[in-house]
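For reference, the structure discussed in these notes is given below.
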Amino acid sequence: MDNETKPSAAARRQFLADTARMACGVGLLGLGVGLYAQHAKALPPAAIRPPGALPEAGFSAACIRCGMCVRDCPFDILHLAKPEEPMSTGTPYFVARQLPCEMCEDIPCVKACPTGALDHSLKDINKSKMGLAVLVDHETCLNFLGLRCDICYRVCPVIDKAITLDPQSNARTGKHTLFIPTVHSDHCTGCGKCEKACPTEVASIKVLPLYMAKGQLSSHYRLGWVEKEKAGGSLVAPEVEHKYNMPEGMQYEHGKGLSGSSGAVPPAPTPAAPVALPKALQGSKL
Amino acid sequence: MNAILKTSPPRPGAEAVAAKGWLAAHKWLILRRCSQLGILLLFLVGPWFSLWIVKGNLNFSYTLNFLPLADPYVILQSLAARQVPEKMALTGAAIVLLLYLLVGGRAYCSWVCPVNLLTDFAYWLRVRLGLKGSAHISRPTRYWVLGMTLVAAAVSGSIAWEMINPVSMLHRGLLFSIGLAWAVLLAVFLFDLFVMRHGWCGHLCPVGAFYSLIGKFSLTRIKLPARAACNDCMDCFAVCPEPQVIRPALKAIAGTPPVILEANCTNCGRCIDVCSKDVFAFGTRFNTTVAPVTGLAQAAPK
Ligand code: SF4
Ligand code: SF4
Ligand code: SF4
Ligand code: SF4
Ligand code: SF4
Chain A
1 MDNETKPSAA
11 ARRQFLADTA
21 RMACGVGLLG
31 LGVGLYAQHA
41 KALPPAAIRP
51 PGALPEAGFS
61 AACIRCGMCV
71 RDCPFDILHL
81 AKPEEPMSTG
91 TPYFVARQLP
101 CEMCEDIPCV
111 KACPTGALDH
121 SLKDINKSKM
131 GLAVLVDHET
141 CLNFLGLRCD
151 ICYRVCPVID
161 KAITLDPQSN
171 ARTGKHTLFI
181 PTVHSDHCTG
191 CGKCEKACPT
201 EVASIKVLPL
211 YMAKGQLSSH
221 YRLGWVEKEK
231 AGGSLVAPEV
241 EHKYNMPEGM
251 QYEHGKGLSG
261 SSGAVPPAPT
271 PAAPVALPKA
281 LQGSKL
Chain B
1 MNAILKTSPP
11 RPGAEAVAAK
21 GWLAAHKWLI
31 LRRCSQLGIL
41 LLFLVGPWFS
51 LWIVKGNLNF
61 SYTLNFLPLA
71 DPYVILQSLA
81 ARQVPEKMAL
91 TGAAIVLLLY
101 LLVGGRAYCS
111 WVCPVNLLTD
121 FAYWLRVRLG
131 LKGSAHISRP
141 TRYWVLGMTL
151 VAAAVSGSIA
161 WEMINPVSML
171 HRGLLFSIGL
181 AWAVLLAVFL
191 FDLFVMRHGW
201 CGHLCPVGAF
211 YSLIGKFSLT
221 RIKLPARAAC
231 NDCMDCFAVC
241 PEPQVIRPAL
251 KAIAGTPPVI
261 LEANCTNCGR
271 CIDVCSKDVF
281 AFGTRFNTTV
291 APVTGLAQAA
301 PK
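From first to last, the protein sequence lines are chains A and B. For the first sequence, the working numbering gives the first residue as 1, with consecutive numbering after it. For the second sequence, the working numbering gives the first residue as 1, with consecutive numbering after it.
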């Protein structure tokens, strides 16, 4: 506006220098912001997104950091990330060990989200995938030690589907059963109630973001028994019947266990006599 | 330096106070502070007293479970990062866009933005302490920053600027929890106080730059119905956060009509307050052919 007169060569040079300086400065700032944003894309493991959150890459593009979800959560479990926290500033998360998601049936947090960063197509809270519970420490879980804690199993809102107690023989005592809390990823919502309730000093079961918690089979893997069922019969021809190589006079039959074929059972070579065999080895007679 | 602090020359606006009285010479300033603090308070009574008149923050808010308002700039960044928000956010952004098309784009800066309270305070202190000298960054730098934030959003696939945006950091910090955001805000304050006059809002802030783009087309404008009465006291230049916007309209440069159409005028109304000759007034961008006082016939219609 002010330059009504023709700028002199010096003024033009000054202008070009200024512009270059400005472009460099802003470019550097941009680079910094971009790298910082990239850095914060991986969510720290203790921070769990609210139900229905888009996968992290989409989420940091869709969430406008408004905090509506935080406000409408009746249990006040959600926080907006502060700048010093290692994730996108201002995005919502909860820490299961502090306060887990109560899995509200009407999912108010999702309803409140104006952008769809929390996906509005999530109508059934049981279908949400906030994360996945993993029994991270087999050395401290009380059930693994042989007790009947069962707390994680009891508090699970999707009990018997998301988490089951799977019996396993207690090899230490040789005569007891361990009830192993086992999480099933197709039903676990990642609400974190198990982590919150676990009585060990540091939780033995923890909710992790899906990307950390879940393994994946190579794409060329086929599960023989699934394929067999699909095909309606054996895919290996001819189907060879499995034979057990047992010491003379001994028989092992799947589903029935060990037996002597004729008369007395000879002493087994191991201290574990047939009667004391771990139950799991005795087939489905349990 | 001490002389400045003690008596002469009089501070900008002294003439206006003498001519109109203190209240009239601070009318718009007071209204503006009421608006800035009032809006902040409306947001704050929610978390403070569980009085949920407004939920959310400046990026998106929901008033009385009825009125959605969204910052079109953050929505634009979301779009740049290739995410199309739901209807609610888009509606909110459209309403806000229309609102600022009415009241003036950078009215956001002077009447709403909480950082403006901070930077105005830094400027006030700067003048009080008689701090002279200022780094030089050209005013259009903010448009480069604005462009950079959109490129950063597109390249990183996230609303990258929100990681460090002092505007939303302050507002979110006050409503939710501030964390280390105070350090960013302190940096902005110190920058404005010691490094550069009107540094943040006047040169760098991309939020202001975005709203100035709306301001290019907005309705409410500062008019100069009595520009011929100007006695060159320069008080308006001294108080205006964007003094470069005044000259063309005040001095009728290149036949500029007596209305400030420059995008970066914040509609703060400070110029109206401090002018003892009442040169300025709020008006619209239209009808620029106000009856010219004492033969200023070159005031061309738009
Ligand atoms: S489902 Fe309920 S408890 Fe869980 S985050 Fe949403 S509102 Fe909060
Ligand atoms: S309501 Fe949606 S956009 Fe707002 S903070 Fe929560 S997830 Fe982000
Ligand atoms: S609550 Fe903890 S200790 Fe108890 S069974 Fe579950 S994981 Fe083990
Ligand atoms: S320029 Fe930026 S910080 Fe300053 S008032 Fe405007 S939006 Fe707020
Ligand atoms: S011209 Fe007046 S209203 Fe516009 S920014 Fe300057 S002082 Fe404020």
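Where is the CB? At the ideal position from N, CA and C, for every residue including glycine. Here the structure is a predicted model, which means the values were calculated and not measured.
Note the first and the last residue of the continuous beta strand (DSSP E) segment covering N264 (chain B).
Careful: N264 (chain B) lies outside any beta strand (DSSP E) and carries neither H nor E.
Pairing CB atoms from the stretch 7 to 27 of chain B with CB atoms from the stretch 262 to 276 of chain B, are three or more of them under 8 Å?
yes
Straight-line Cα distance separating F121 (chain B) from A229 (chain B):
31 Å
Would G283 (chain B) pass as a contact of R197 (chain B) if the rule is Cβ separation under 7 Å?
no
Under the three-state DSSP convention, the category L125 (chain B) falls into:
helix
Reduced DSSP category for D120 (chain B) - H, G, I as helix; E, B as strand; rest coil
helix
Taking 7 Å as the CB-CB cut-off, is A22 (chain A) touching chain B?
Just to set this straight, residue 22 (chain A) is Met in the shown sequence, not Ala. Yes, M22 (chain A) lies at the interface with chain B (some Cβ there is under 7 Å from its Cβ).
Could one say the Cβ of P74 (chain A) lies closer than 7 Å to chain B's Cβ atoms, at least one of them?
no
Near ligand 2: L118 (chain A) beta-carbon under 6 Å from a heavy atom:
yes
State the Cα-Cα distance for the pair F176 (chain B) and C149 (chain A), rounded to the nearest angstrom.
38 Å
Output needed for L165 (chain A): all residues of its chain with C-beta closer than 8 Å, excluding positions within five of it in sequence on either side, in chain order.
N143, D150, Y153, F179, I180, P181 and T182
If the cut is a Cβ gap below 8 Å, which residues of chain B does E84 (chain A) touch?
G179 and L180
Continuous beta strand (DSSP E) assignments of at least 3 residues falling wholly in the stretch 39 to 78 of chain A:
none
Stretch pair the stretch 62 to 81 of chain A + the stretch 218 to 229 of chain A: three plus CB contacts closer than 8 Å:
no
Closer than 7 Å to chain A by CB, W48 (chain B):
no
Kindly say whether K55 (chain B), judged by its beta-carbon, lies nearer than 7 Å to any beta-carbon of chain A.
yes
Within-7 Å CB hit, A81 (chain B) to chain A
yes
Cβ atoms of R270 (chain B) and V245 (chain B): under 7 Å apart, would you say?
no
From what residue to what residue does the beta strand (DSSP E) around I163 (chain A) run?
I163 to N170
7 Å CB neighbourhood of A25 (chain B) in its chain, flanking five on each side removed:
G13, A16, V17, D273 and V274
I need the DSSP call for S61 (chain B), collapsed to helix, strand or coil.
strand
Should T256 (chain B) be labelled buried (16 or more other beta-carbon atoms within 10 Å of its own) or exposed?
buried
Where S50 (chain B) sits in the DSSP three-state scheme:
coil
If you draw a straight line from the C-alpha of D186 (chain A) to the C-alpha of A162 (chain A), how long is it?
7 Å
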